[in-house]
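Structure record follows, encoded as structure tokens.
2 protein chains.
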Amino acid sequence: MYFPSWMRQLYRGLSAQPAWASPRRSLVLSPHRRLPEFSSFIARTNTCGELRSSHLGQEVTLCGWIQYRRQNIFLVLRDFHGLVQIVIPQDESAASVKKILCEAPVESVVQVSGTVVARPPGQENPKMPTGEIEIKVKTAELLNSCKKLPFEIKDFVKKTEALRLQYRYLDLRSFQMQRNLRLRSQMVMRMREYLCNLHGFIDIETPTLFKKTPGGAKEFLVPSREPGKFYSLPQSPQQFKQLLMIGGFDRYFQVARCYRDEGSRPDRQPEFTQIDIEMSFVDQTGIQQLIEGLLQYSWPSDRGAVALPFPSMTFAEALATYGTDKPDTRFGMKIIDISNVFRNTEIGFLQDALSKPQGTVKAICVPGGAEVLPVFLKTSINWNSPVAELIMEEQRLEFIRLMQVQEDDVILLTAGEHQKACSLLGKLRLECADLLEKKGVVLRDPALFSFLWVVDFPLFLPKEDNPRELESAHHPFTAPHPSDIHLLYTEPEKVRSQHYDLVLNGSEIGGGSIRIHNAELQHYVLATLLKEDVKLLSHLLQALDYGAPPHGGIALGLDRLMCLVTGSPSIRDVIAFPKSFRGHDLMSSAPDCVPPEDLKPYHIQVSWPADSESEKNSLNLHQES
Amino acid sequence: MYFPSWMRQLYRGLSAQPAWASPRRSLVLSPHRRLPEFSSFIARTNTCGELRSSHLGQEVTLCGWIQYRRQNIFLVLRDFHGLVQIVIPQDESAASVKKILCEAPVESVVQVSGTVVARPPGQENPKMPTGEIEIKVKTAELLNSCKKLPFEIKDFVKKTEALRLQYRYLDLRSFQMQRNLRLRSQMVMRMREYLCNLHGFIDIETPTLFKKTPGGAKEFLVPSREPGKFYSLPQSPQQFKQLLMIGGFDRYFQVARCYRDEGSRPDRQPEFTQIDIEMSFVDQTGIQQLIEGLLQYSWPSDRGAVALPFPSMTFAEALATYGTDKPDTRFGMKIIDISNVFRNTEIGFLQDALSKPQGTVKAICVPGGAEVLPVFLKTSINWNSPVAELIMEEQRLEFIRLMQVQEDDVILLTAGEHQKACSLLGKLRLECADLLEKKGVVLRDPALFSFLWVVDFPLFLPKEDNPRELESAHHPFTAPHPSDIHLLYTEPEKVRSQHYDLVLNGSEIGGGSIRIHNAELQHYVLATLLKEDVKLLSHLLQALDYGAPPHGGIALGLDRLMCLVTGSPSIRDVIAFPKSFRGHDLMSSAPDCVPPEDLKPYHIQVSWPADSESEKNSLNLHQES
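Protein chains in written order, with this note's numbering: chain Z, 104 to 728; chain L, 104 to 728.
Written out as structure tokens, the structure is:
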């Protein structure tokens, strides 16, 4: 495991940051200016990774873990900052030091003092940042010995995730977890500097012991000591941040812990973190500029610059072109409407589809798809397809023109209701991309970060269980689009909202909206349109009547964002102690049973289901991964 | 309500922060260099509080709340930044603007545009930071109207706290709440700069959905979807931060949300925030220096400089001298042991006390106490006291010498077992201080911040319910004092710990310790000495065996600290949305009832106590304050 220059990259630009110029710095920091002081207040003089030939001759004290030993002559010491080679003294006088360094098992913790010397000519290791030097040890102390490990640190990635989570404290020593969590800390710090120091935002903590919100399914409950009364863990500080605007804190942010109980879902966590932001006197453009600046300012320097402004697309356009509200715009294969080509076709299933309301014919062209797809309709000059002879010449030409078909491309064509057809092709588009990339075609440049705003969402959607009733597309506090307000009272289902999503490489990394700040309008939406019990929100409705400023905000999903920035396969790789997809902490085995007497103060008891035995067995660790 | 220079003081020193020098700044910030940009991304050009005669002639747009109106000529507009005077145009052409500004109720939100002009000679208001100028309005827009308020913002302090909490969003508009929460945000940001940018600490988020810890009473439970399995909300990230050290993150910090269910306790909150810190390879001195530097660096400039190092005192000394483990060292009135004076006294209750083991006679001298105390034993030259004639001459002289008694001082004397006698006098000392200050004697300078380390606590205490068994004085992970380790196996009750408390003005604002990093020792303490079920901590014990570095840490109570820094009467004044002392959110009325169907997924049901009715009534708001 080598540590390249990533640590310095983490802190690049720090020299342009606050603290450095402050007079106090000289009191606490060494002349070493580009990086923070990693060795203040403790025994060591340096970290293992920072020693170079510029340190030759220096007396140093290092603390770290034994990475490995070569014969009994060399020992490689590791800390979070890198690796350094220790020369084990061979002369009699240093027998005790040799004994310690030769007998301590791998991953034991030792402290050594000695001199930085140059490696003998020819023995330098250019692949190792400290490869020019080694440490001539004078004294050594075994700080803690290590028992036989369940697996070797360096190949933790090969282990099942269940094992990694069970021994998370070992997994955390890996280069990947060290880099991910340190980058996360740095990026959040840069965001704080941007919000707090540059733009006067106030970091305000809001409660996590709250009450159930209307329609707030998926909220964890917390029993109180009052019989039948429960707190709930909110899914976001939504109500509180709006109340802060009404309270005159017109630039709020919080790195907020949020909770959502979705049972077992892969790549979701019961608790997660969002960069939560709210502003008064702002419009959609203001929020978007703020976020673009925030990401540009905090973006890791080794991930390439962030180009502003981000492109923007309406929900309708995203659906029609990519079949989803979070398009991956790193590659084409857009959906094309070819209905007109087939207006007077004789092909039955096309006729049939086009005769229906919203009926369309759509297609995507998969470049070079012939190599990866079982061809249904091949578009070579001589079409060999069951329906080929039913396609008239001018249709064929128009079709080829629209789809810009090349030899060996494959067309995926579907006919049906607009939204269904788009969604289907949207899914196929991503699956084809996977297939092509498996074949070695690079469609999605891993170094490319493609941001996109999606706007003009519908304000309401028909309820799934009862399509004649409406539910909020996002949440009931979202303001309607100014140009659609009149429709609220006539055709609410047609009203667009002032909600906006931020999409990165096909993942939603943030979403927000301009909020309703008028009490009457909010009451109409809640009571008349959504049929919600307004009593539960009386405090908010009342607050809107007492001089609520116009306001809006956004929340960025930090875990997802870090997952994309670090190129990690799972959000669990950017969280120190994640839960398994069943919501278990495999290290401490939470959640756990609780003796009945502990439930008494909360006036609750367990109602055991008949099949609880089987459920209990399902906790088996090995079913986790 | 005037806003003095506090806002600038909040951000003093920012100009020394090179974030300003960063090239990006020019993209997003105005030439205005000393403060963050409070008006970026939104409609307004300035905040109400920042306009001075240097702005004369500028066209500005302001957004704010109507503070009050004088005749229909002047209007004072307020935002979080201050107040500014608006001149309501009187000419016909501006009738619509006049209408808006004259008819909008107080606390309505308006946006006005106009020119900054000088006030007519003689009409300047020196008490008002913007008192030299006023705004000649051209356009005005009513952004939101305000209904009749339940109370006037400016005298919110006079209201009952229950009312303030019920209308928290109005209470937050007050100068006090604005200043407290903004100062809190600034101070925490400075702490982050110190830890992250200066000293390379990593901000790592740890889970709040965990499992019950051994002896972890007072932990809220969170039912999971698995029958009989519960998460619990931890009182601190203690286990996780130790596991992070074992995971190689050797400088961790987190502004951590913690939970403690203590039922109804005044000035406690069910959720609270601590600055949580852990370091590897560190000793007690290292942690103390880190914290002293942290507080000096983040201390508000208008609260006076923080002098380093902080004085230190052993637990034994604190108890003997001040009768408590958190002495208020801003004033004297120390406890003095006068046992030797009365070794061969004839006074019965003194004889009696001194004859017992640990028996002592102790006293404090209350300067000028004669004015405030019903005198029990007056120390004038002619002692007029029941026991006076029983005191021999040399005893009297020695007594006066030791106590340094002056005319009109009062001696409070007690005889009994050392610890009990000290605790009693410690309480009396504080009560006397209150009495004296009520009389106008200034004992505790409100501008004085007196920090103190208290060290060398006992590692164990006898259990209250069963004094022959031991419990941890703090927590079971605390390392024993190096010089007492041998006693662990013979007289554990005599072992001192490596725990340290930080005390400010008589309040504990932080505590921490060097931890046990040896698995065997930790197992011995848990299993043999504390009789805990080690299975519950098997993950931690195992982790200690896999190369755990020596480590230690500390946690600062942020709410308490901010309470002292801002001089607030209650921690509820430094928290945006606090719970009442009964644990209620009086605004949203959390905790709340939950329909039985919401409990089903969690396999729990409410067990209603017989007297639940009376309990329910106790939720009545007006019983809160």
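By construction, the Cβ of each residue, glycine as well, lies at the ideal position given by its N, Cα and C atoms.
- Distance from the CA of Q342/Z to the CA of Y627/Z, rounded to the nearest whole angstrom, comes to 18 Å.
- Assignment of Y334/L by DSSP, reduced to helix, strand and coil, places it in the strand class.
- Less than 9 Å divides the Cβ of L312/Z from the Cβ of A693/L.
- A Cβ-Cβ contact shorter than 9 Å links P583/Z with R599/Z.
- The bridge partners DSSP lists for N247/Z are V212/Z.
- Against chain Z, the beta carbon of C151/L has no neighbour under 9 Å; the closest one sits roughly 11 Å away.
- The count of Cβ pairs closer than 8 Å, one atom from the segment 619–637 of chain L and one from the segment 352–365 of chain L, stays below three, leaving the stretches out of contact.
- Under DSSP, C468/L takes part in a beta bridge, and its partners are I514/L.
- Contact with chain L is absent for S442/Z, since none of that chain's Cβ atoms lies less than 9 Å from the residue's Cβ.
- Interface flag for Y362/Z against chain L is set, since a Cβ pair is found closer than 9 Å.
- For D379/L, the uninterrupted beta strand (DSSP E) segment begins and ends at 374–383.
- For the segment 186–220 of chain Z, the set of positions with a beta-carbon nearer than 8 Å to some beta-carbon of chain L reads E210, S211, V212, Q214 in chain order.
- Beta bridge pairing from DSSP links G519/L with T463/L.
- Taking a cut-off of 8 Å for Cβ pairs, the segment 275–284 of chain Z and the segment 325–343 of chain Z do not touch, as fewer than three such pairs fall below it.
- R571/Z counts as exposed, since fewer than 16 other C-beta atoms from the protein chains shown sit within 10 angstroms of its C-beta.
- Contact holds between the segment 175–187 of chain Z and the segment 143–161 of chain Z, because three or more Cβ pairs, one in each stretch, are under 8 Å apart.
- Bridge partners of Y355/L according to DSSP: I305/L, E381/L.
- Counting only residues of its own chain and dropping the five nearest sequence neighbours on each side, Q507/Z has a CB closer than 8 Å to the CB of C468.
- Residue pairing of D695/L in beta bridges, as defined by DSSP: F333/Z.
- For N175/L, there are no C-beta contacts with chain Z under 9 Å, since the nearest C-beta of that chain is about 20 Å from it.
- A distance below 9 Å separates the beta carbons of G331/L and W711/Z.
- Put simply, of N569/L, R287/L, L644/L the residue whose alpha carbon is nearest the alpha carbon of E623/L is L644/L.
- Counting only Cβ-Cβ distances below 7 Å, T376/Z has contacts in chain L at E308, in chain order.
- Within the same chain, S216, G217 come within 6 Å of K241/Z by CB-CB distance, once the 5 residues on both sides are set aside.
- Under the 9 Å criterion on CB atoms, D405/L is classed as non-interfacial with respect to chain Z.
- Judged by beta-carbon spacing, V385/L lies within the 9 Å limit of G655/L, meaning their Cβ atoms are closer than that value.
- Taking 9 Å as the threshold, the shortest C-beta distance from C249/Z to chain L falls below it.
- A straight-line Cα-Cα distance of about 21 Å links V697/Z and P699/L.
- By the criterion of a C-beta distance shorter than 8 Å, A423/L is surrounded in its chain by I438, D440, H521, C525, once the five residues flanking it on both sides are discounted.
- I191/Z counts as buried, since at least 16 other C-beta atoms from the protein chains shown sit within 10 angstroms of its C-beta.
- Three or more Cβ pairs closer than 8 Å define a contact, and the segment 263–272 of chain Z falls short of that threshold against the segment 299–314 of chain Z.
- The beta-carbon distance between R363/L and K321/L, rounded to whole angstroms, is 5 Å. This is short enough to meet the 8 Å contact definition.
- In the three-state reduction of the DSSP assignment, P565/Z falls in the strand class, which pools E and B.
- For V385/L, the C-beta contacts it makes with chain Z under 7 Å involve F144, I145, in order along the chain.
- C-alpha of L493/Z to C-alpha of R446/Z: approximately 13 Å in a straight line.
- For the set D662/Z, G451/Z, D688/Z, the Cα lying nearest the Cα of L284/Z is the one of D662/Z.
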